[in-house]
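First comes the structure, then the notes that go with it.
Protein chains in written order, with this note's numbering: chain A, 52 to 391; chain B, 52 to 391.
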C-alpha cells in the first residue's frame with residue numbers, strides 16, 4: 052500500500068495506491084458512511100457491500116442525469132445522512148461523478164471518497180474533483196468542481212472487467228502520454244494491452260503514474276484556466292460524437308485524438324500523427340468513426356469550452372507537448388468536411 | 052450610490068448600495084447576461100426586464116425545488132449560455148437561491164449577481180453565498196455555498212411590496228440586532244415599522260447596516276463552523292414549523308426567536324425575553340403559533356444542523372450576544388412540550 056496526501060486547491064486528498072477494498076473500513080467509519088454504486092458493480096462483486104449502507108443506481112451513461120441524483124438525495128434523507136456522513140462512490144466514472152455531485156450539493160456539501168472500479172475512473176474520471184451529470188445529450192453540463200477526501204485504488208477490482216473497458220481506460224492513458232509524457236508514450240509503444248492485462252506490477256505502476264500525472268495538472272490549475280484544458284485533448288470532438296453515435300467514451304476520445312492530431316498537423320505542423328494512430332490501434336481502440344458532421348458541430352456549440360463563435364481546441368506540437376488553440380466554428384466545420 | 056468591494060472566502064463581492072436598477076447595465080453587459088426572476092416580480096415591474104434576456108420561474112417557496120432548477124438549466128441551454136454568461140437573480144430569496152444554485156452547477160459554475168427585491172433578500176437571503184432548493188419539506192437540503200459577483204441594492208423596488216413582506220424582512224433585522232448589535236436593537240425599540248416604511252434615509256441606512264452585519268459574520272466564517280451558526284437564531288424551530296404550518300419565513304423565525312429566548316432563559320439565564328417579544332410585536336410579527344410538536348421534532352431531526360442525537364441551538368446570553376449550545380432531541384422535546 053502506498054499512501055500519499057496531495058493538496059489540491061486547498062483540499063487535502065488522500066491517495067491510497069496498491070490497496071485492497073477491505074482497507075476502506077480503516078479509512079472511514081461504517082456507521083457514518085454511505086456507499087453508492089451501480090447495479091453492475093453490485094451484481095459483479097456483491098461481497099464488497101456487506102455491512103455497508105449502500106445506495107444503488109442504474110448502470111450506464113444514459114442514467115447520468117439529474118433524475119438519478121434526485122433519487123440519491125431522497126435516499127440520503129431516508130438514511131438520515133447528516134453533515135458528518137461520508138459518501139463513497141464505488142464504481143466507474145458515472146458512479147463517481149454522481150457521488151461527487153450528490154455530496155457537493157447535499158446539505159451544501161458532505162465529504163466524499165472514491166473507490167474507482169474501472170481503469171477509466173482510476174486514471175481519469177475519479178481524479179480532479181469534476182463531478183456532475185449530463186443534461187439530455189449535453190455531457191457534464193451540470194455539476195461542480197470539488198475534491199474528494201480520498202481515492203482508494205484496488206486494481207483487483209478490474210479483474211472482472213471486459214476487454215473493451217480496459218481499452219476505454221487506455222484511451223485516457225494514451226492521451227496523458229501524448230500531451231504530457233513522451234517517456235510514457237514510448238513505453239506504451241513498446242508494450243501492448245495484453246502485457247498490461249497480464250502483469251500486475253507494471254500495470255499498477257502505470258495506473259499510479261497516470262493518476263499522479265492528472266493530479267499534478269489539476270493541482271496547478273484546479274479551475275481549468277490554463278494547463279488543465281490540455282486534458283481535453285481528443286475530447287472536444289469526442290464529446291460531440293459520443294452520445295449521438297453511442298460510442299464508448301474511450302472510443303470517442305480515440306477518434307477525437309486522431310482528428311485533433313490531423314488538425315494539429317495543419318496548424319502546428321505536428322509531424323507524428325502516425326505514431327499516435329499506431330499506438331491507439333495497439334490498445335484496440337478505433338481511429339475513425341462515421342458521424343453526422345452537422346450534428347457534431349451543433350453539439351460542439353453547446354460544449355462548455357465554447358466561447359461565443361469559437362472553441363478552445365487542444366492540439367499537439369509534438370508527442371508530450373500540447374497547446375490550446377482557439378478555432379472558429381466556421382473553420383472547424385471546413386476541416387471536418389474535408390477530412391470526413 | 053455607495054460601492055464597496057468585500058472579499059468573502061477568496062471571492063470578491065461588489066456591494067452597490069443606494070443604487071437604481073438602471074445601473075445594472077453598467078455592472079454587466081446585456082448581451083452576455085441572463086436575468087432570472089419570478090412571475091410576481093415580472094408582473095409588478097415588467098419595465099425592469101425590457102431588453103434583457105430573462106428566465107421567469109414560478110413564484111413561491113413551494114416551487115423552490117429541483118424541478119425549477121432543471122427548467123432554468125434547460126432554458127440556459129436554449130439561450131446558448133456559456134461559461135462567460137452572467138446570471139443575475141432579480142427577486143426575493145427564492146429567486147436568488149435558485150439563481151445562485153443554477154449558476155453554481157451550470158457548466159460547473161458561471162458568474163452570478165443579485166438584485167434583491169424583498170427586504171428579506173436584501174438583509175439576509177441574498178448575502179453570504181448560500182444557495183439551493185428544498186427537498187420536499189426539508190428546507191435548503193440541496194445547494195452549495197458560493198459567493199455572488201455583486202449585489203445591487205435599489206430600495207425603490209420595495210415600494211410595491213405588501214406590508215407583511217416588510218415584516219418578514221424585519222424578523223431577520225431583529226435577529227441580527229439580538230445576536231450581534233445591541234445598539235441597533237435599541238434603535239429598533241425606539242422606532243417602528245411605520246417609521247421605516249416612511250423615511251427612506253434611515254431605512255436605507257438600516258438595510259446597509261444589516262447587509263454589512265451579515266456579510267461580516269459570513270466573512271469570518273464562510274463555511275459555518277463558528278460564528279455564522281449564530282445567524283440561525285430562531286431558525287431551528289422556525290424551519291421546523293414553517294412549511295408544515297404554511298407560515299411566512301419571517302413569522303416562523305419570529306416564533307422561533309421567542310421560543311429560543313425562553314430556552315435561553317432556562318439555560319443561560321437570559322433575562323430579556325420581554326424586550327425581544329415587545330420588539331417583535333412592534334414590527335407586526337407573531338410571538339407564538341400553534342403547531343404539532345411531534346412533527347416539528349421530526350423535521351428538526353432532518354435539520355442540517357443536526358449532529359446524531361442533538362442539534363446546535365442558538366441561545367442568547369444578553370441582547371447583542373448569542374452562543375451556540377448543543378441540545379439533545381430528548382431535552383428539546385421536553386422543553387417544547389412544557390412550553391406549548
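Glycine residues also receive a C-beta, built at the ideal position from the N, C-alpha and C atoms.
Q: Identify the contact partners of residue 135(A) in chain B, using a Cβ-Cβ distance below 7 Å as the criterion.
A: Your numbering for residue 135(A) matches position 84 in the first chain. Going along chain B in sequence order, the residues near residue 135(A) (Cβ under 7 Å) are 358.
Q. Cβ of residue 235(B) versus every heavy atom of the ligand MN: is any distance shorter than 6 Å?
A. In terms of ligand content, the structure shown is empty, and the ligand MN therefore cannot be addressed.
Q. Any residues in the region 279–308 of chain A with a beta carbon nearer than 8 Å to a beta carbon of chain B? Which ones, in chain order?
A. none
Q: Report yes or no: is there a C-beta of chain A within less than 7 Å of the C-beta of residue 193(B)?
A: Position 142 of the second chain holds residue 193(B). At a cut-off of 7 Å between beta-carbon atoms, residue 193(B) makes contact with chain A.
(Q) As a quick exercise: from 98(A), 94(A), 65(A), 56(A), pick the residue whose alpha carbon is nearest that of residue 72(A). (A) As a position in the first chain, residue 72(A) is number 21, starting the count at 1. The option with the nearest alpha carbon to residue 72(A) is 98(A).
Q. Would residue 58(A) be called buried (16 or more neighbouring beta carbons within 10 Å of its own) or exposed?
A. The sequence position of residue 58(A) within the first chain is 7, counting from 1. The residue in question, residue 58(A), is exposed, as its Cβ has fewer than 16 Cβ neighbours within 10 Å.
Q. Any Cβ of chain B within less than 7 Å of the Cβ of residue 156(A)?
A. Position 105 of the first chain, counted from the start, is the residue given in the question as residue 156(A). It does: the Cβ of residue 156(A) has a partner Cβ on chain B nearer than 7 Å.
Q: Only counting runs of 4 or more residues, tell me where the alpha helix (DSSP H) segments fall wholly within the region 292–371 of chain A, in order along the chain.
A: 300–318, 324–333, 344–352
(Q) Taking only three categories from DSSP, how would you classify residue 283(B)? (A) The residue given as residue 283(B) occupies position 232 in the second chain. Here residue 283(B) sits in helix by DSSP.
Q) Taking Cβ-Cβ distances shorter than 9 Å, what residues in chain A pair up with residue 140(B)? A) For the purposes of this step, residue 140(B) is identified with residue 89 of the second chain, where counting begins at 1. Correct list: empty, because the minimum Cβ distance to chain A is about 17 Å.
Q | Cα-Cα separation, residue 145(B) to residue 115(B) | A | Translated into the one-based positions of the second chain, residue 145(B) becomes position 94. Translated into the one-based positions of the second chain, residue 115(B) becomes position 64. Their backbone Cα atoms lie some 6 Å apart in a straight line.
Q. Going by DSSP, which residues form a beta bridge with residue 87(B)?
A. In the second chain, residue 87(B) corresponds to position 36, counting from 1. Partner(s): 106(B), 140(B).
Q | Proximity to residue 150(B) [Cα-Cα], best of 171(B), 121(B), 174(B) | A | Along the second chain, read from residue 1 onward, the residue named residue 150(B) stands at position 99. For residue 150(B), the nearest C-alpha among the options comes from 121(B).
Q: Verify whether the separation of the beta carbon atoms of residue 257(A) and residue 330(A) is less than 7 Å.
A: The residue you call residue 257(A) lines up with position 206 of the first chain. The residue you call residue 330(A) lines up with position 279 of the first chain. Not a contact, by the Cβ cut-off of 7 Å.
Q | Close Cβ partners of residue 328(B) (< 8 Å) along its chain, the five nearest in sequence each way excluded | A | Here residue 328(B) corresponds to residue number 277 of the second chain, with the count starting at 1. Cβ neighbours of residue 328(B) beyond the five flanking positions: 309, 312, 338.
Q: Check whether the region 297–305 of chain B touches the region 313–328 of chain B, counting contact only when three or more Cβ pairs, one atom from each stretch, lie closer than 8 Å.
A: no
**Q.** Residues from the region 378–391 of chain B in contact with chain A, defined by Cβ distance under 8 Å
**A.** Hits within the stretch: zero.
Q. Relative to the alpha-carbon of residue 228(B), which residue among 263(B), 206(B), 217(B) has its alpha-carbon at the smallest distance?
A. Here residue 228(B) refers to the residue found at position 177 when the second chain is read from its first residue. The shortest C-alpha separation from residue 228(B) is found at 263(B).
Q) Hey, does residue 117(A) have any beta-carbon neighbour from chain B nearer than 7 Å? A) On the first chain, residue 117(A) is found 66 positions in, with the first residue counted as 1. Answer yes: the Cβ-Cβ gap between residue 117(A) and chain B drops below 7 Å somewhere.
**Q.** Where residue 198(A) sits in the DSSP three-state scheme
**A.** If you number the first chain from 1, residue 198(A) lands on position 147. In the structure shown, residue 198(A) sits in coil (DSSP, three-state: anything other than H, G, I, E or B).
Q: Can you have a look at residue 265(B) and say buried or exposed, based on whether 16 or more other CB atoms are within 10 angstroms of its CB?
A: On the second chain, position 214 is the one that residue 265(B) refers to. When all chains shown are included, residue 265(B) counts as buried.
Q: Determine the extent of the alpha helix (DSSP H) in which residue 174(A) is found, giving its start and end residues.
A: As a first step, residue 174(A) must be located in the first chain, where it is residue number 123. No alpha helix (DSSP H) contains residue 174(A), which DSSP labels as neither H nor E.
Q: Could you check which residue in 272(A), 219(A), 284(A) has the C-alpha nearest to that of residue 373(A)?
A: Stepping through the first chain from its first residue, residue 373(A) is reached at position 322. Selected option, being the one with the closest Cα: 284(A).
Q | Of the residues 249(A), 226(A), 237(A), the one placed nearest residue 207(A), counting alpha carbons only | A | In the first chain, counting from the first residue as 1, residue 207(A) sits at position 156. The option with the nearest alpha carbon to residue 207(A) is 249(A).
Q.
Per DSSP, what are the beta-bridge partners of residue 162(B) in this structure?
A. Locating residue 162(B) in the second chain gives position 111, where the first residue counts as 1. According to DSSP, residue 162(B) bridges with 137(B).
Q) Could you give the distance in angstroms between the alpha-carbon of residue 157(A) and the alpha-carbon of residue 91(B)? A) Locating residue 157(A) in the first chain gives position 106, where the first residue counts as 1. Locating residue 91(B) in the second chain gives position 40, where the first residue counts as 1. About 29 Å.
Q: Report the rounded CA-to-CA distance for residue 340(A) versus residue 384(A), giving the unit in angstroms.
A: Against the first chain, residue 340(A) aligns to sequence position 289. Against the first chain, residue 384(A) aligns to sequence position 333. Note on geometry: alpha-carbon atoms of residue 340(A) and residue 384(A) lie some 16 Å from one another.
Q: If I'm right that residue 307(A) touches residue 287(A) with Cβ under 8 Å, what's the distance once you round it to whole angstroms?
A: In the first chain, the residue the question calls residue 307(A) occupies position 256. In the first chain, the residue the question calls residue 287(A) occupies position 236. With a contact defined as Cβ atoms closer than 8 Å, residue 307(A) and residue 287(A) qualify at about 7 Å.
(Q) Mapping the DSSP letters down to three states, classify residue 55(A) as helix, strand or coil. (A) Numbered from 1 along the first chain, position 4 holds the residue referred to as residue 55(A). In this structure, residue 55(A) counts as strand in the three-state DSSP scheme.
Q. Run through DSSP, which three-state label would residue 96(B) get?
A. For the purposes of this step, residue 96(B) is taken as the residue at position 45 of the second chain. Here residue 96(B) carries a coil assignment [DSSP, helix/strand/coil].
Q. Can you list the residues of chain B that residue 63(A) reaches, using a CB-CB cut of under 8 Å?
A. As a first step, residue 63(A) must be located in the first chain, where it is residue number 12. Here the premise fails: no neighbours, minimum Cβ distance about 15 Å.
Q: Tell me, to the nearest whole angstrom, how far the beta carbon of residue 89(B) is from that of residue 108(B); I am working on the premise that it is less than 8 Å.
A: Here the question's residue 89(B) lines up with position 38 in the second chain. Here the question's residue 108(B) lines up with position 57 in the second chain. The Cβ separation is near 5 Å, so the contact holds.
Q) Excluding sequence positions up to five away, which residues of its chain have a Cβ less than 8 Å from the Cβ of residue 246(B)? A) As a working mapping, residue 246(B) is identified with position 195 in the second chain. Counting only Cβ-Cβ distances below 8 Å, and skipping sequence neighbours, we find 253.
Q. Of the choices 54(A), 163(A), 230(A), 119(A), whose alpha-carbon is the least far from that of residue 132(A)?
A. The residue labelled residue 132(A) in the question sits at position 81 within the first chain. Nearest of 54(A), 163(A), 230(A), 119(A) to residue 132(A), Cα basis: 163(A).
Q: In the DSSP assignment, find the unbroken beta strand (DSSP E) run with residue 189(A) in it and report its ends.
A: Locating residue 189(A) in the first chain gives position 138, counting from the first residue. It spans 189–193 - the beta strand (DSSP E) in which residue 189(A) sits, taken as one unbroken run.
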